[in-house]
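Counting from 1, position 283 in the sequence shown corresponds to residue 283 in my numbering; the numbering is continuous, with no gaps.
Step one of this worksheet: look at the structure below.
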Amino acid sequence: MFRYSLRMLVVGLCALTAAAPAVTAVAATAPTGQQRATHAATRTPHPQTLSDLNTAMKGEAFAYASYNLFAAEADRQAYPAVGRLFRATARTELNEHFREAAALAGTVGSNAANLRQSINGETYEHQVMYRRFAAQARSDGDLKAAGLFTEIAADEGRHRDAFRTALKVVTTGHGTIPAPPKADTVPVPAGPPKVKADRTKANLDTAMHGEALAYAKYTLFAGHARQTGNTALARLFAGTARVELHEHFAGEAVLAGLVRTTKVNLRKAIAGERNEATVVYPGFAERATRVGDTAAARYFRDTAADEAKHAAAFQRALKRLH
Ligand SMILES: [Fe+2]
Ligand SMILES: [Fe+2]
Ligand SMILES: [Fe+2]
Ligand SMILES: [Fe+2]
């Protein structure tokens, strides 16, 4: 726990000022004696490092969303200890790994900048991504997926419109921030994929990563809005985040067959964590070191070590189930 606090502090001190609010609460808990633990990474990371940080954020957000669903399945199968392990690991992925990468990448800006970033994402999903996925699913005979993608495309259009209205209010000081959308939580029982085409499966995977990322980003944006005293905007971001996770991600997870038995879920988690620990993060660390992004390199190395611990903990849990 202490090491995490220190890491958050270091990131908090070194991140662009725009990103700092996301980590303030954790940084404040670190001992003041450590506050000189700064390093030479106040510059914007190299484009390759930024791209790697964004890939990391996507993976971390996806792990968070998946592990919470795996936790629910473990509870259903009466493995409460495994449920707790998945939930605790999910929290690390979001509150430490995702947040630190976002701070290093400067993801969180002013409320207006956060809204513009969100509008761009929603516009792409509404106009391009989900329409393309729906058309492909339809032509491959995956009609359930085509229906879901079409429904989600419409939701993203509403998200974009609400964020546009909010941006006007934030920039002009006039008008009312829209009320947050209501999320209808979709249950995700264990089960096989409900689509047949490989292309639909790949599109579902892309879509789930996008939804998990949107949830995690909007959660940070909500935190920033709250810290700057804009509670209505905080509610809009938090409510939209819940739709991305509990409706969109969850609906896609059902069709993708993301959740299986707890043993299979643990095996999948172990493979993912090992890949991050031994391939993904060490590779990112090496690249960041090569271009002099020392803070990012340290983040990638520390995170690789954490993922190895996650893999080991899941492995122990799997052994106990046999
Ligand atoms: Fe992680
Ligand atoms: Fe959305
Ligand atoms: Fe969404
Ligand atoms: Fe992990």
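Note that CB positions come from ideal geometry on N, CA and C, so glycine has one too.
Is residue i a contact residue of ligand 1, with contact defined as CB to any heavy atom under 7 Å?
i    : result
T303 : yes
H97  : yes
E252 : no
E60  : yes
E151 : no
At a cut-off of 7 Å, would you count residue i as near ligand 4, judging by its Cβ distance to the nearest heavy atom?
i    : result
E307 : yes
E273 : yes
T55  : no
H209 : no
T89  : yes
A63  : yes
E100 : no
H174 : no
With distances taken from CA atoms, which of the options is nearest residue i?
i    : options                : result
A105 : L236, A304, A214, A296 : A296
K217 : T228, E125, G121, A90  : G121
A146 : N54, E60, E307, G251   : G251
E211 : F300, N265, T171, M129 : M129
A253 : G223, R160, K201       : K201
R99  : A72, M57, F70, H248    : M57
H310 : R76, P47, R43, H97     : H97
N54  : R316, E276, A101       : A101
S139 : A197, A72, P47         : A197
D142 : R298, L204, T262       : L204
E73  : R235, T185, V264       : V264
H322 : Y79, E93, A222, V280   : Y79
I152 : I270, V279, E247       : E247
E273 : R242, D293, A313, T262 : A313
V243 : T228, K319, L213       : L213
D184 : L69, R87, T240         : T240
A154 : Q127, Q77, V280, Q117  : Q127
R132 : T231, T206, S51, R287  : T206
R43  : A238, E125, D293       : D293
Am I right that residue i and residue j are in contact with their C-beta atoms under 8 Å? What's the rounded C-beta distance?
i    : j    : result
P178 : A190 : Contact flag wrong, Cβ pair sits at about 36 Å.
V108 : L220 : 5 Å
G257 : P193 : 4 Å
N111 : L266 : 40 Å between Cβ atoms; not a contact.
A277 : A308 : 4 Å
G175 : K168 : 6 Å
What is the DSSP secondary structure of residue i, counted as helix, strand or coil?
i    : result
R260 : coil
Y64  : helix
F2   : Confidence at F2 is low in this model, with a pLDDT of 36, below 50, so the placement of that residue should be treated as unreliable; the coordinate-derived value is given next. Helix, per DSSP.
T228 : coil
Q117 : helix
S110 : coil
T29  : Note that T29 scores a pLDDT of 33, beneath 50, so its modelled location is shaky and nothing firm can be said.
K319 : helix
Q48  : helix
K194 : coil
R274 : helix
R43  : coil
Y299 : helix
A22  : Only weak support exists for where A22 lies, its pLDDT of 34 falling under 50; the value from the coordinates is given anyway. The answer is helix: DSSP assigns A22 an H, G or I state.
Y215 : helix
Q35  : Because Q35 sits at a pLDDT of 32, beneath the cut-off of 50, its placement in the model cannot be relied upon, and the following sentence gives the value as read from the coordinates. Three-state DSSP puts Q35 in a helix.
A180 : Looking at the sequence shown, residue 180 is not Ala but Pro. Three-state result, P180: coil.
A56  : helix
Y124 : helix
Y79  : coil
T185 : coil
R160 : helix
V254 : helix
V280 : helix
G223 : helix
G175 : coil
D306 : helix
T17  : Unreliable positioning characterises T17 in this predicted model, as indicated by a pLDDT of 33, which lies under 50. The coordinate reading is nonetheless provided below. Residue state, collapsed to three classes: helix.
A311 : helix
A285 : helix
V169 : helix
V291 : coil
E73  : helix
Verify the contact flag: residue i, CB atom, against every heavy atom of ligand 2, threshold strictly below 7 Å.
i    : result
D155 : yes
T240 : yes
H159 : yes
A183 : no
A214 : yes
Is any heavy atom of ligand 3 found at a distance shorter than 7 Å from the C-beta of residue i?
i    : result
I177 : no
A134 : no
E125 : yes
Under 8 Å between C-beta atoms, does residue i make it to chain D?
i    : result
H246 : Protein chains in the displayed structure number just one, and chain D is not present.
Quick check on the DSSP output: what are the complete alpha helix (DSSP H) runs of length 4 or more inside the stretch 127 to 155, in order along the chain?
Fully enclosed alpha helix (DSSP H) runs of 4 or longer: 130 to 139.
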